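Chemist: Provided herewith is a single structure, encoded as structure tokens, for subsequent inquiry.
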Amino acid sequence: MEPSSSFSPPVSVLDRPSSVLIPFSIFATVFILNMYRTGGCLVKSCEYTSMFHHSISIVAALACMAAEWNELSTRAVYGSNTDFPRATLLQHINIGYFLYDFLHSLAWEHHFILHHAVALTGLFASEYMNSFALANAVNTLIAESGSIIYNYYNAHKSLNHYVVFVAVYGVSRLVFLMWSLSVLYQAWRPFLGAVYPFWAPYAITSLQLSLLVVNLLFLFTHMRKLNRKLRERRQEAARQAAGEGEVTTAVLRRRSVVAIDAAAANMGEA
Numbered sequence: 114m115e116p117s118s119s120f121s122p123p124v125s126v127l128d129r130p131s132s133v134l135i136p137f138s139i140f141a142t143v144f145i146l147n148m149y150r151t152g153g154c155l156v157k158s159c160e161y162t163s164m165f166h167h168s169i170s171i172v173a174a175l176a177c178m179a180a181e182w183n184e185l186s187t188r189a190v191y192g193s194n195t196d197f198p199r200a201t202l203l204q205h206i207n208i209g210y211f212l213y214d215f216l217h218s219l220a221w222e223h224h225f226i227l228h229h230a231v232a233l234t235g236l237f238a239s240e241y242m243n244s245f246a247l248a249n250a251v252n253t254l255i256a257e258s259g260s261i262i263y264n265y266y267n268a269h270k271s272l273n274h275y276v277v278f279v280a281v282y283g284v285s286r287l288v289f290l291m292w293s294l295s296v297l298y299q300a301w302r303p304f305l306g307a308v309y310p311f312w313a314p315y316a317i318t319s320l321q322l323s324l325l326v327v328n329l330l331f332l333f334t335h336m337r338k339l340n341r342k343l344r345e346r347r348q349e350a351a352r353q354a355a356g357e358g359e360v361t362t363a364v365l366r367r368r369s370v371v372a373i374d375a376a377a378a379n380m381g382e383a
């Protein structure tokens, strides 16, 4: 594999900031409206804004995949972003959202700073290379669908819903594993005529593997948590069964004592 010698940086979002500022402003407006609607509840406002982004990005990603289905296995990585306008639009939406949410992480949720920094690095790298937008569309679909499933569990907070979440999330992460292998193959075995900088395969490999590892760690964490919850429920059921057994034994003993006392009284009267 030889990197393209004809690569030159295309026009990026930095040269047309409105393509990112518009979605950024939309998400910020949705957040402000939800702050007003919820009486200033920061958590709820962030959740509603996130769900708004989840819904839009999933619909847009599905549209991208439906329109470019035949390109996913060959040109998803190094196909020019300008050849995939739907994927490019979705990428600009994601950049706008993560810039908006990055401000939230700086102000309140500091544990998301690294995650959002990595996400923005990958998105801006795609803009610089003028490729990988279609691959990012698939990454977005898988990531956002997992987020919606998790938010659904958080809205109900029951063990049964948690079982469903872990099962569905586990299947989706297996799909993500298979997709990541396809991305890595395309990164190191590009189609004939692909244009990319020499560092692109290394950057793509690092970013895609980082996404995969983060998702698998999240899955394993919840698998352990689910196993603990199921074990606690079994122990609680065993304790309840033992308690009911003790009550039954005590009742039988009491009845036996009463019967013996009654028999002794009858014998005394005789």
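Just so you know, this note's numbering puts 121 at position 8 of the sequence shown, and the rest follows in order with no gaps.
Glycine included, C-beta positions come from ideal geometry on N, C-alpha and C.
Just so you know, these numbers come straight off a predicted model, no measurement behind them.
1) Mind checking who S193 pairs with in its DSSP beta bridge?
2) For the ligand FMN, any of its heavy atoms closer than 6 angstroms to the Cβ of T162?
3) Kindly indicate the opening and closing residues of the alpha helix (DSSP H) around E222.
4) Confirm, please, whether the CB-CB distance from A141 to Y210 is below 7 angstroms.
5) Tell me the residue span of the alpha helix (DSSP H) that contains R286.
6) Starting from N183, trace the alpha helix (DSSP H) in both directions and tell me its first and last residue.
7) Whole angstroms are fine: how far does the CA of M178 sit from the CA of Y275?
8) Between V133 and A354, what straight-line distance do the alpha-carbon atoms span, to the nearest angstrom?
9) Would DSSP call A238 helix, strand or coil?
10) Considering only the beta carbon of each residue, do V281 and I255 sit closer than 7 angstroms?
11) For F215, collect the residues of the same chain with a Cβ closer than 6 angstroms to its Cβ; drop the 5 residues on either side in sequence, then sort them by chain order.
12) At the level of alpha carbons, what is the spacing between A268 and I226?
13) Does G209 come out as helix, strand or coil in the three-state DSSP assignment?
14) Do A248 and V296 have their CB atoms nearer than 7 angstroms?
15) Give every residue of the same chain whose Cβ lies closer than 7 angstroms to the Cβ of S218, excluding the five residues on either side of it in the sequence, and list them in chain order.
16) Alpha carbon to alpha carbon, how far is L290 from M336?
17) Would you mind giving the Cβ-Cβ distance between N147 and S158, rounded to the nearest angstrom? I have them listed as a contact below 8 angstroms.
18) Using only CA atoms, which one of E240, L155, Y191 and S323 lies nearest to A220?
19) Can you find the residues in the same chain that come closer than 8 angstroms, C-beta to C-beta, to S121, ignoring five residues on each side of it along the sequence?
20) What's the gap between the Cα of Q348 and the Cα of N207?
21) Whole alpha helix (DSSP H) runs in the segment 305-349 with 4 or more residues, listed along the chain?
22) By Cβ distance below 8 angstroms, which residues in the same chain neighbour A174 in space, the five residues on each side in sequence not counted?
Modeler: Checking against the coordinates, here is how it stands:
1) S244
2) Annotation note on the ligand FMN: not contained in the displayed structure, which lists no ligands.
3) That residue, E222, is in no alpha helix (DSSP H); it is neither H nor E in DSSP.
4) no
5) L272 to W301
6) From DSSP, N183 is part of no alpha helix (DSSP H); its letter is neither H nor E.
7) 29 angstroms
8) 60 angstroms
9) helix
10) no
11) H229
12) 24 angstroms
13) helix
14) yes
15) F225, I226 and H229
16) 17 angstroms
17) 4 angstroms
18) L155
19) Low per-residue confidence applies at S121: pLDDT is 49, beneath 50, and the placement is therefore not dependable enough to give any value.
20) 45 angstroms
21) none
22) L203, A250, V251, T253, L254 and E257
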